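Chemist: Can you keep this structure in mind? I'll have questions shortly.
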Amino acid sequence: GAVVSQHPSRVICKSGTSVKIECRSLDFQATTMFWYRQFPKQSLMLMATSNEGSKATYEQGVEKDKFLINHASLTLSTLTVTSAHPEDSSFYICSAPGPSAGYTFGSGTRLTVV
Amino acid sequence: QQQVKQSPQSLIVQKGGIPIINCAYENTAFDYFPWYQQFPGKGPALLIAIRPDVSEKKEGRFTISFNKSAKQFSLHIMDSQPGDSATYFCAAGGSQGNLIFGKGTKLSVKP
């Protein structure tokens, strides 16, 4: 089936630094990638939608200059958390519409900012 | 109109029981209703999904019941096992592509 590979699975960074998260569609082309954030014991909240070759669309309240999204190819989308702060600590998950009309999720990235 | 309401928030059943989780949506444009299972520290994994043209779908021990007129759908887990203990999310999607998730139900299946 369709697989989205997400890396890293876990990252700890210092406050003020930037962290890049990658999501790759391994056996299908993903023209669209959805980026979600999940705080502990809460649901997944859509942050932004990335589209290959064009600018990402951000949800209300999500700072586009802080969460940089790049979707340079049909198989790779990246999310960079810039100038990370402890309140950015969360579980970040990507998802792409799969080839069979479903959605495939990455395994998630646990970001801890200290 | 974009909300998906999920209940209960938590659920405890004995092994072999049939937990039922319910979801309600508002936007009639939604046409894809999946259920996801999530274990701690992992991303959500698709369990089963349904389209509005059918009222029920069964895959293994998991069944979705769908009521289009009431804009409700539910997940039933037959013969539940301790390994089913996880958080379950319902979601709804439409032509715009992204999924709207319910708040989740934490299921505990006692041995």
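Protein chains in written order, with the numbering used here: chain A, 250 to 363; chain B, -13 to 97.
Beta carbons are placed, not taken as given, at the ideal position from N, Cα and C, and that holds for glycine.
All figures in this text were calculated on a predicted structure; none of them were measured in a lab.
At 3 residues or longer, what runs of the beta strand (DSSP E) sit wholly inside the region 268 to 311 of chain A?
Modeler: The region 268 to 311 of chain A contains these whole beta strand (DSSP E) runs: 268 to 274, 281 to 287 and 293 to 300.
Chemist: Let's see if you can read the secondary structure: which residues bound the beta strand (DSSP E) around A/Thr223?
Modeler: With chain A running from 250 to 363 in the structure shown, residue 223 of chain A is simply not present.
Chemist: Quick check: is the beta carbon of B/Asn13 nearer than 8 Å to any beta carbon in chain A?
Modeler: Along the second sequence, one-based indexing puts residue 13 of chain B at 27. No, no contact with chain A.
Chemist: Could you check whether the Cβ of B/Ala35 sits closer than 8 Å to any Cβ belonging to chain A?
Modeler: As a first step, residue 35 of chain B must be located in the second sequence, where it is residue number 49. Yes - at least one Cβ of chain A is within 8 Å of the one on B/Ala35.
Chemist: Buried or exposed: where does A/Thr353 fall if 16 or more other Cβ atoms within 10 Å of its Cβ makes it buried?
Modeler: In the first sequence, residue 353 of chain A corresponds to position 104, counting from 1. Flag for A/Thr353 reads buried.
Chemist: Give me, in chain order, the residues of the same chain whose beta-carbon lies closer than 7 Å to that of A/Asn300; leave out the 5 immediate sequence neighbours on both sides.
Modeler: Translated into the one-based positions of the first sequence, residue 300 of chain A becomes position 51. Hits under 7 Å: Thr280, Thr281 and His320.
Chemist: Show which residues of chain A have a CB atom less than 8 Å away from the CB atom of B/Pro30.
Modeler: As a first step, residue 30 of chain B must be located in the second sequence, where it is residue number 44. In chain order: Leu293, Ile342 and Phe354.
Chemist: Taking CB distances under 8 Å as the criterion, tell me whether A/Pro346 reaches chain B.
Modeler: Stepping through the first sequence from its first residue, residue 346 of chain A is reached at position 97. Yes, contact with chain B.
Chemist: Can you grab the Cα-Cα spacing for the pair B/Ile36 / B/Lys44, in whole Å?
Modeler: On the second sequence, position 50 is the one that residue 36 of chain B refers to. On the second sequence, position 58 is the one that residue 44 of chain B refers to. For B/Ile36 and B/Lys44, the distance between alpha carbons rounds to 10 Å.
Chemist: Please compile the residues from chain B whose C-beta is within a distance smaller than 9 Å of the C-beta of A/Gly351.
Modeler: Your numbering for residue 351 of chain A matches position 102 in the first sequence. The answer, in chain order, is Tyr18, Pro20, Leu32 and Ala35.
Chemist: Need the endpoints of the beta strand (DSSP E) that B/Ala15 sits in, please.
Modeler: Sequence index remark: in the second sequence, residue 15 of chain B carries index 29 (1-based). Taken as a continuous stretch (DSSP letters only), B/Ala15 belongs to no beta strand (DSSP E), as it is neither H nor E.
Chemist: Looking at chain A, is there any beta carbon in it that lies within less than 8 Å of the beta carbon of B/Leu85?
Modeler: Locating residue 85 of chain B in the second sequence gives position 99, where the first residue counts as 1. It does; some Cβ of chain A falls within 8 Å.
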